[in-house]
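S.K.:
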Amino acid sequence: VVAGDRGGLLAGLRALASGEASAEVCEGRSGSGRAVFVFPGQGGQWAGMGRELLETSVEFAEGLRACGR
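Following this line, the structure appears as structure tokens:
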């Protein structure tokens, strides 16, 4: 679900749940390739933010390691 605000998100989630077509819903199938993690750079207010997350967030670190398997 891709949305620019709360209303769009809710509309997209409703459409997804009901199986209706919607501009807010993107669907597809992935191939059999391996997972990849791309750090989007959002929140790049300071250098090393991803590294800090890796060092301080157990959930983030576990998720990142899972992508490497």
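Sequential numbering from 669 applies to the sequence shown in our numbering. The beta carbon of each residue, even a glycine, is placed where N, CA and C say it ideally should be.
Which of the three DSSP states is assigned to R719 in this structure?
M.R.: Correct three-state label for R719: helix.
S.K.: Tell me the rounded alpha-carbon separation between V704 and R733.
M.R.: Cα to Cα, V704 sits roughly 11 angstroms from R733.
S.K.: Three-state secondary structure (DSSP) at A691?
M.R.: Correct three-state label for A691: coil.
S.K.: Just the Cα atoms here: how many angstroms apart are E727 and S690?
M.R.: Going from the Cα of E727 to the Cα of S690 covers about 32 angstroms.
S.K.: Among the candidates S725, A679, V669 and A729, whose CA atom is the shortest distance from the CA of G696?
M.R.: Comparing Cα positions, the closest option is V669.
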